[in-house]
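Residue numbers (our numbering), protein chains in the order written: chain C, 1 to 442; chain B, 443 to 884.
There are 2 protein chains.
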Amino acid sequence: MAAAKIAPRLPKGMRDFLPDEMLKREYVFDRVRETFHLYGFEPLQTPVMELRETLLGKYGEDAEKLIYFAQHAGGKEELSLRYDLTVPLARVVAQYENQITLPFKRYQLSPVWRGDRPQRGRYREFYQCDADIVGIGDMSADAEVIGVVVTALRRLGFPKFTVKINNRKLLIAIGHYSGVPDAQLPDLYRSVDKFDKIGADGVRAELEQRGIAHEAVVRMMDLLQLNSGSGLERLAALAKLLGGDQEGLAELRQVAEHLANAAVPPQFYEFDFTMVRGLSYYTGPIFETFITEPNLGAVSGGGRYDGLIGLFRRESLPTTGISLGIERIIDLMDELNLYPNGIGGTVVQVLVTVFNGDTRAEATRLAAELRAAGVHTELYMQDKNVGKQMAYADKKRIPLVAVLGGDEIAAGVVKFKRLSDGVEVSVERGVAAAKIRELLAD
Amino acid sequence: MAAAKIAPRLPKGMRDFLPDEMLKREYVFDRVRETFHLYGFEPLQTPVMELRETLLGKYGEDAEKLIYFAQHAGGKEELSLRYDLTVPLARVVAQYENQITLPFKRYQLSPVWRGDRPQRGRYREFYQCDADIVGIGDMSADAEVIGVVVTALRRLGFPKFTVKINNRKLLIAIGHYSGVPDAQLPDLYRSVDKFDKIGADGVRAELEQRGIAHEAVVRMMDLLQLNSGSGLERLAALAKLLGGDQEGLAELRQVAEHLANAAVPPQFYEFDFTMVRGLSYYTGPIFETFITEPNLGAVSGGGRYDGLIGLFRRESLPTTGISLGIERIIDLMDELNLYPNGIGGTVVQVLVTVFNGDTRAEATRLAAELRAAGVHTELYMQDKNVGKQMAYADKKRIPLVAVLGGDEIAAGVVKFKRLSDGVEVSVERGVAAAKIRELLAD
């Protein structure tokens, strides 16, 4: 340990979480985990490092540049840090196919690493939070992952949000209907995807600028007008416009039916034929969830990707899933003030102060009693006067202090003071833990 | 995603945790976290990667070879994966000294990476679990971290274990008492440390073989005889032998007093003057915890290290702490069968079966009701007969199935079957969640 002292620094784009922030993150993680458990999703954990060959060729050239490689002195394997949670899932499904019972409903809440340019809200180490159902082609699975998103956001306290639902198959059908040649379809989707940002006129201008035929643009504009009315009405209108039913529409109708049966409140989802998710691996329904009031952007995405799970396996398995933008959600929890009172700050519920040297033994006994009764207790350990101890509790945002002077000890009682309002109360030692719970619940 | 398919494999020494194992790990993590919270330790999380310069020169040459280095294409920083949780703690204490209120009682439960030769029970990615108190020189802090270990192991259900307590200062005093020259002290400690394994005769033989003077060996043997009697008796006997009090003895007497006040049951700790912890950075009391019945080795270590926190800071701060060997504890939980019934397997409490296509809507409604009432519910999604659905529940170790055929729907009831004993019961839909809790609690 003889190294020269260097300045304590973090790598760029990486973060420490001190207790206050950590407790808030854990509050969010716990609510999300609870929601996954309600829906029967099981936890999975893969190691931080994967073999380099497992990740290479999976994300495209640009993304691949962002992958971290790792090695120890003399290590013979080429290793990479996890870039997302989907490729590890595909590996796990293939590697343990004899141990896994299908459907495999798993979630993973884990950090990933990307050597991206750090900026506000974008980090090089960040958590992803995915829930997927492997092995079910039926639309009930798609409805279920939508239900998970709605339930998680409601349990976190987000008042207004919308899961936008579209279907990759429908986007293709719409492209064909519009008469746009296949080669131009990516351009078409890119413009359509901006509908929310630049409006109908903006999309029209952009399409024409891209050289898409006027007639095709007009037909597209009709489609973009469909974004009103209830879910089933929109689906019916689109069917009429496209001149007949489409596989993609039939699927969305099934999704709508399952969502209604599952009592997912209709204000939380809508069909939006202009929503295009970038990733090319989607094969069916796609979802994207936006916080709408205030308008704060996307917090979740997902969809069906029936081909991807076959990356490490002879045959793929039908799969649908969602990813919660958990870092964004954590930021918004603060911005919208959604944390309940008492989340963050400290785990400590009560500080047992030490009146003087003679009373330390009794203070230690009291702390032990409270801990045995399940109270998160800090015993003051420095040699300072009670005023300083109160100031310490205040600074650390500990809600209650216990005072145990000679009089209290003689009378077999303990005095509690609640720092938020100065309420003081003396109770017998035997009921101290119960009184603490009462004081914290008020 | 056009890469050739490769075999799904893990890097050497790394592990996936499928749901069954993950649920058991989380049970252990949760019990440990609860214990830390009872004692007022706060969660901290540092990033997986640190700057290479932060770790270099901190662990010694042999250890340094095991550190993983990381880099992304074009990345300008030299990065390393976390090797332990102590150096990051020292960095955090220095980096945020204006934000952190002392004492800083933090725990961290996080993976670390070491490119060690993998073997049974030793992995290249494994979790460490540390709780430390930074900023307190008083022995009440040392007693508190001992209390944390005892409480955590008791809450996990370990019936018999002992925290062995010694003091680095005492080891030095004993060395001097024995008349062994300073240069030979490391040899002396290495032999003394083997007392439990090779006994008094073994240690004597080894000391003489190492060339330690006969008289010194005889004096050491007297000391090794002290390992009987109660804690305070041992301390008194050693004081007598050493011919006067020692700082190290006075400290242990204070630890003993705090432990008694904190009602830590005496069967869970003892003073053992032959216990030597390898790490050179300890400066005061040291602890090592052994599972004693059956004799299963060490599961926790720790001690006071008043110099280390100064690695990144002008002045150090007095610090004491413990590390739980959490991977070893997890292995022993299985070996000793300490998991309560129902831990592991699946998160799912009830499988809602689907009688036939006509009843799927109603089954979906039931699943939604149960989830809203807090029950972890899986809705069966495949098109198979009820017998196959029962077999699926059995295979996945789901404890209850709900059956909802036409008769049940007409009568507004639901039938539950408990798979462990075949008990069947029909109840009204409105009390279904309550009945599930009852069936699971029986």
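Where is the CB? At the ideal position from N, CA and C, for every residue including glycine. Note that the coordinates shown come from a computational prediction; the quantities given were computed from them, not determined experimentally.
Residue i versus residue j: straight-line alpha-carbon distance, rounded
{"i": "C:Leu-185", "j": "C:Tyr-177", "result": "11 Å"}
{"i": "C:Arg-190", "j": "C:Gly-199", "result": "13 Å"}
{"i": "C:Ile-100", "j": "B:Leu-460", "result": "9 Å"}
{"i": "C:Gly-75", "j": "C:Leu-51", "result": "12 Å"}
{"i": "B:Ala-444", "j": "C:Phe-312", "result": "Unreliable placement is indicated for B:Ala-444, whose pLDDT of 48 sits below 50; no coordinate value is reported for it."}
{"i": "C:Glu-26", "j": "C:Ala-183", "result": "47 Å"}
{"i": "C:Pro-294", "j": "B:Ala-875", "result": "36 Å"}
{"i": "C:Gly-179", "j": "C:Met-275", "result": "19 Å"}
{"i": "B:Val-845", "j": "C:Ala-131", "result": "26 Å"}
{"i": "B:His-479", "j": "B:Met-581", "result": "20 Å"}
{"i": "C:Val-192", "j": "C:Gly-303", "result": "18 Å"}
{"i": "B:Tyr-834", "j": "C:Tyr-107", "result": "20 Å"}
{"i": "B:Ala-515", "j": "C:Glu-61", "result": "12 Å"}
{"i": "B:Ala-705", "j": "C:Ser-300", "result": "50 Å"}
{"i": "C:Lys-240", "j": "C:Gly-310", "result": "36 Å"}
{"i": "B:Ala-512", "j": "B:Pro-485", "result": "26 Å"}
{"i": "C:Tyr-83", "j": "C:Glu-53", "result": "13 Å"}
{"i": "C:Lys-435", "j": "B:His-700", "result": "26 Å"}
{"i": "C:Ala-205", "j": "C:Leu-188", "result": "12 Å"}
{"i": "C:Pro-266", "j": "C:Gly-147", "result": "11 Å"}
{"i": "C:Arg-314", "j": "C:Gln-45", "result": "24 Å"}
{"i": "B:Arg-802", "j": "B:Gly-854", "result": "15 Å"}
Endpoints, beta strand (DSSP E) assigned at residue i
{"i": "C:Met-49", "result": "49–51"}
{"i": "C:His-72", "result": "68–72"}
{"i": "B:Ile-764", "result": "761–766"}
{"i": "C:Ala-402", "result": "400–403"}
{"i": "B:Val-794", "result": "792–794"}
{"i": "B:Gly-506", "result": "The residue you asked about is not Gly; residue 506 of chain B is Glu in the sequence shown. Per DSSP, B:Glu-506 belongs to no beta strand (DSSP E); it is in the alpha helix (DSSP H), 503–506."}
Which residues DSSP lists as bridging residue i, in chain order
{"i": "B:Gln-541", "result": "B:Gln-541 is not bridged to any residue."}
{"i": "C:Arg-106", "result": "C:Glu-42, C:Asp-132"}
{"i": "C:Phe-290", "result": "C:Thr-162, C:Ala-298"}
{"i": "B:Pro-894", "result": "Coverage of chain B is limited to positions 443 through 884, which leaves residue 894 of chain B absent and any answer about it impossible."}
{"i": "B:Glu-870", "result": "B:Val-855"}
{"i": "B:Phe-713", "result": "B:Ile-607"}
{"i": "C:Gly-303", "result": "C:Ile-286, C:Gly-321"}
{"i": "C:Glu-125", "result": "C:Trp-113"}
Beta-carbon proximity list for residue i, same chain, < 6 Å, skipping 5 on both sides
{"i": "B:Ala-679", "result": "Leu-668"}
{"i": "B:Glu-820", "result": "Val-790, Leu-793"}
{"i": "C:Gly-231", "result": "Ala-256, Phe-271"}
Short Cβ contact (8 Å threshold) for residue i with residue j
{"i": "B:Val-474", "j": "B:Leu-551", "result": "yes"}
{"i": "B:Asp-458", "j": "C:Val-92", "result": "yes"}
{"i": "C:Lys-58", "j": "C:Val-87", "result": "yes"}
{"i": "B:Phe-729", "j": "B:Thr-604", "result": "no"}
{"i": "B:Gly-767", "j": "B:Ala-740", "result": "yes"}
{"i": "B:Leu-780", "j": "B:Phe-546", "result": "no"}
{"i": "C:Phe-290", "j": "C:Asn-166", "result": "no"}
{"i": "B:Ala-583", "j": "B:Ile-575", "result": "yes"}
{"i": "C:Lys-396", "j": "C:Thr-346", "result": "yes"}
{"i": "B:Leu-612", "j": "B:Phe-637", "result": "no"}
{"i": "B:Val-856", "j": "B:Val-869", "result": "yes"}
Residue i at chain A interface by Cβ criterion, 8 Å
{"i": "C:Ala-391", "result": "Annotation note: the requested chain A is absent from the structure, which comprises protein chains C and B."}
The alpha helix (DSSP H) enclosing residue i, as first and last residue numbers
{"i": "B:Glu-476", "result": "461–480"}
{"i": "C:Arg-371", "result": "360–372"}
{"i": "C:Ala-205", "result": "195–209"}
{"i": "B:Leu-630", "result": "627–634"}
{"i": "C:Ser-280", "result": "No alpha helix (DSSP H) holds C:Ser-280; DSSP gives it neither H nor E."}
{"i": "C:Thr-151", "result": "139–156"}
Close beta carbons around residue i, own chain, < 7 Å, minus the five adjacent residues each side
{"i": "C:Lys-197", "result": "none"}
{"i": "C:Tyr-68", "result": "Ser-80, Leu-81, Trp-113, Gly-115"}
{"i": "B:Asp-747", "result": "The identity of residue 747 of chain B in the sequence shown is Tyr, whereas the question assumes Asp. So the qualifying residues of the chain are Tyr-723, Tyr-724, Thr-725, Thr-761."}
{"i": "B:Ala-615", "result": "Leu-684, Gln-688, Gly-690"}
{"i": "C:Pro-118", "result": "Lys-12, Gly-13, Arg-124"}
Residues of its chain near residue i, where Cβ-Cβ distance is below 8 Å and the 5 sequence neighbours each way are ignored
{"i": "B:Gly-563", "result": "Glu-769, Arg-770, Asp-773"}
{"i": "C:Leu-440", "result": "Gly-342, Gln-349, Pro-399, Leu-400"}
{"i": "C:Gly-40", "result": "Lys-105"}
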